[in-house]
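Below you'll find the structure, written out as structure tokens, and then a few comments.
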Amino acid sequence: MEASNYRTKLIFFLGALGGLLYGYDTGVISGALLFIKNDIPLTNFTEGLVVSSMLVGAIFGSGASGPLSDKLGRRKLVFIIAIVFILGALILSFAQSMVILVIGRFIIGLAVGGSTAIVPVYLSEMAPTDTRGSLSSLNQLMITIGILASYLVNYAFADAEAWRWMVGLAVVPSIILMAGVYFMPESPRWLLEHRSEKAARKVMAITRQQSEIDKEIDEMKEIIHISESTWTVLKSVWLRPVLLIGCIFALLQQIIGINAIIYYAPTIFSQAGLGDATAILGTVGIGSVNVIVTIFAIMIMDKIDRKKLLITGNIGMVSSLLIMATLVWTIGLDSTVGAWIIVACLTMFIIFFAFTWGPILWIVLPELFPMRARGAATGIATLSLSIGSLLVAQLFPILTSVMGIEQVFLIFAAIGILAMIFVIKYIPETRGRSLEEIEVDLRNRTSSATLSEID
Numbered sequence: 031m032e033a034s035n036y037r038t039k040l041i042f043f044l045g046a047l048g049g050l051l052y053g054y055d056t057g058v059i060s061g062a063l064l065f066i067k068n069d070i071p072l073t074n075f076t077e078g079l080v081v082s083s084m085l086v087g088a089i090f091g092s093g094a095s096g097p098l099s100d101k102l103g104r105r106k107l108v109f110i111i112a113i114v115f116i117l118g119a120l121i122l123s124f125a126q127s128m129v130i131l132v133i134g135r136f137i138i139g140l141a142v143g144g145s146t147a148i149v150p151v152y153l154s155e156m157a158p159t160d161t162r163g164s165l166s167s168l169n170q171l172m173i174t175i176g177i178l179a180s181y182l183v184n185y186a187f188a189d190a191e192a193w194r195w196m197v198g199l200a201v202v203p204s205i206i207l208m209a210g211v212y213f214m215p216e217s218p219r220w221l222l223e224h225r226s227e228k229a230a231r232k233v234m235a236i237t238r239q240q241s242e243i244d245k246e247i248d249e250m251k252e253i254i255h256i257s258e259s260t261w262t263v264l265k266s267v268w269l270r271p272v273l274l275i276g277c278i279f280a281l282l283q284q285i286i287g288i289n290a291i292i293y294y295a296p297t298i299f300s301q302a303g304l305g306d307a308t309a310i311l312g313t314v315g316i317g318s319v320n321v322i323v324t325i326f327a328i329m330i331m332d333k334i335d336r337k338k339l340l341i342t343g344n345i346g347m348v349s350s351l352l353i354m355a356t357l358v359w360t361i362g363l364d365s366t367v368g369a370w371i372i373v374a375c376l377t378m379f380i381i382f383f384a385f386t387w388g389p390i391l392w393i394v395l396p397e398l399f400p401m402r403a404r405g406a407a408t409g410i411a412t413l414s415l416s417i418g419s420l421l422v423a424q425l426f427p428i429l430t431s432v433m434g435i436e437q438v439f440l441i442f443a444a445i446g447i448l449a450m451i452f453v454i455k456y457i458p459e460t461r462g463r464s465l466e467e468i469e470v471d472l473r474n475r476t477s478s479a480t481l482s483e484i485d
């Protein structure tokens with residue numbers, strides 16, 4: 031039994047490792063940018079281009095990975111993604127011009143987009159119903175660990191201004207992921223549809239009791255017997271409103287402000303009067319809080335309804351942004367007090383994001399979509415996530431130079447209010463229900479649905 035438990039933990043760890051790479055490559059550029067400019071001249075525009083080129087790649091990666099995962103299987107695609115991560119990191123570490131930086135970031139973006147689409151699907155399909163929330167949250171935990179690791183690496187190499195080591199060390203977890211594919215079984219739902227029931231049962235036995243396996247196999251067979259191709263399901267009338275909800279949900283997660291903090295936190299702190307090394311150290315504190323709170327979120331994710339957590343997160347994030355804007359207007363940024371006000375308020379924002387919107391998106395997206403097109407539909411939704419992330423990365427430095435940082439965060443606060451209204455009106459509650467139960471319910475309720483019919 032202990033060996034089985036060890037194998038289960040290893041499977042979910044390796045399955046979520048793509049999230050760590052996503053987090054590392056998302057966070058590492060924030061510190062590296064402070065020193066890249068000393069070797070490779072960058073303007074405000076090209077700085078934003080270096081950051082956002084990864085997100086352009088992610089748009090293509092997430093769009094392509096969904097259909098590929100449905101065709102090739104989740105496991106093979108993870109191996110391909112690991113190779114792309116390695117290639118992108120090596121190109122970045124040897125870059126001698128802005129163009130090569132952009133190309134390297136774009137290639138890494140292909141892998142990032144693929145991991146954001148495939149990791150949530152794999153974890154969701156591997157996890158038993160009663161622990162699906164906490165196990166699917168491992169993706170977000172790995173993302174936060176990756177971000178923290180990037181901040182620690184940035185801080186370690188800050189004095190030497192060794193940005194090439196900062197971006198190049200992403201090769202290490204990429205190699206671990208590539209080797210780890212050997213120990214990862216294929217998703218049982220993919221195996222049942224493309225291989226055999228025996229193969230699916232063998233994988234499910236790793237994480238489930240026999241009675242659970244029989245019930246889930248029967249439910250999956252009912253869905254598989256519906257003779258629809260992936261493309262037929264994607265363009266079906268009943269799925270359109272669900273797919274639109276998933277896309278808007280993913281977009282909102284990015285444009286409520288989280289990536290402005292992740293990408294530009296050192297720059298924000300530096301502009302607020304902290305030194306470069308101190309600014310990076312401030313982000314290490316934020317990254318640590320992000321990881322700790324996400325661990326707490328995993329512990330409660332299967333005990334509290336998803337919608338209640340999302341609404342709580344919106345209230346907390348909006349409040350922190352409003353408090354920050356008010357205090358900055360009152361005290362100003364030209365003081366140590368002003369700098370630490372920003373640190374405190376952004377930390378408060380991270381806390382509320384980390385136990386609500388951060389992990390819940392990755393849980394709910396694959397829950398919303400049908401087995402026959404889960405990879406493709408999740409890929410489409412994460413494509414909109416990448417678009418949102420791209421908009422924030424490209425526009426944030428421009429907006430802050432024109433409007434002032436406090437006004438930009440007020441915009442994020444307004445978006446947070448809209449996001450809360452969207453959750454209340456459109457996101458269905460999925461906690462405690464099997465993936466097949468959710469699919470059957472959505473098929474029955476939305477055969478001719480409009481957005482207003484989905485609660």
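Under the numbering used here, the sequence shown has 114 at position 84, and the numbering climbs by one with no breaks. All residues carry an ideal CB built from backbone N, CA and C; glycine is no exception.
Taking a cut-off of 8 Å on C-beta distances, the segment 157-171 does not touch the segment 181-194, as fewer than three cross pairs fall below it. Met354 and Arg135 have their C-alpha atoms roughly 32 Å apart. Here DSSP, grouped into helix, strand and coil, assigns Ala119 to helix. With at least 16 other beta carbons inside 10 angstroms of its own, Phe42 counts as buried. In the three-state reduction of the DSSP assignment, Phe124 falls in the coil class.
Between Leu339 and Ile390 the beta-carbon gap is near 6 Å, inside 8 Å, which marks them as a contact. Judged by DSSP secondary structure, Pro218 falls within the alpha helix (DSSP H) whose first and last residues are 218-224. Across the structure, Phe65 and Val197 are spaced so that their CA atoms are roughly 12 Å apart. For Gln284, the uninterrupted alpha helix (DSSP H) run begins and ends at 270-285, by DSSP. Contact check for Leu207 against Val108 passes: the beta carbons are separated by less than 9 Å. The alpha-carbon of Ile121 is positioned some 16 Å away from that of Asp69.
Taking C-beta separations shorter than 6 Å and ignoring five residues to either side along the sequence, the partners of Leu352 in its chain run Ala443, following chain order. Within the segment 153-214, the complete alpha helix (DSSP H) runs of at least 4 residues fall at 162-166, 168-186, 193-198, 201-210. Judged by pairs of C-beta atoms under 8 Å, the segment 222-242 does not touch the segment 51-66, as fewer than three such pairs exist.
Taking every protein chain shown into account, the CB of Arg225 has fewer than 16 other CB atoms within 10 angstroms, so this residue is exposed. DSSP places Ala290 within a helical segment (H, G or I) once states are collapsed to three.
Leaving aside the five residues that flank Ser164 on each side, the residues in its chain whose CB is nearer than 6 Å to its CB run, in chain order, Ile328, Met331, Asp332. In the three-state DSSP reduction, Leu72 falls in the coil class, being neither helix nor strand. Take the alpha-carbon of Leu429 and the one of Gly49: they are about 29 Å apart.
Approximately 6 Å separates the beta-carbon atoms of Thr386 and Thr342; this is inside 8 Å, confirming the contact. Contact between Asn320 and Ile410 does not hold, since the beta-carbon distance rounds to 27 Å and is not under 8 Å. For Pro396, the enclosing alpha helix (DSSP H) begins and ends at 387-398.
Counting every other CB atom within 10 Å of its CB across the protein chains shown gives Asn74 a total below 16, marking it as exposed. Counting every other CB atom within 10 Å of its CB across the protein chains shown gives Val81 a total of 16 or more, marking it as buried. Exposed is the label assigned to Thr360, since fewer than 16 other Cβ atoms lie within 10 Å of its Cβ. Its chain contains Leu51, Ala141, Ser204 as the residues whose beta carbon lies nearer than 6 Å to that of Phe115, once the 5 sequence neighbours on both sides are disregarded; these appear in chain order. By alpha-carbon distance to Leu311, the top candidate from Asn184, Phe124, Arg219 is Asn184. Per DSSP, Ala230 is one residue of the alpha helix (DSSP H) stretching across 227-234.
A direct Cα-to-Cα measurement between Leu63 and Gly287 gives close to 20 Å. Taking each of Glu466, Phe279, Val422, Phe439 in turn and checking the Cα distance to Met84, the smallest one comes out for Val422. Of the other Cβ atoms in all chains shown, fewer than 16 fall within 10 Å of the Cβ of Tyr212; this residue is therefore exposed. Linking Lys106 to Ser154 through their CA atoms gives a straight-line distance of about 17 Å. By the CB criterion at 9 Å, Ile291 and Gly418 fall outside the cutoff.
Exposed is the label assigned to Ala209, since fewer than 16 other Cβ atoms lie within 10 Å of its Cβ.
Leu425 sits close to Gly78, with the two beta carbons spaced by under 9 Å.
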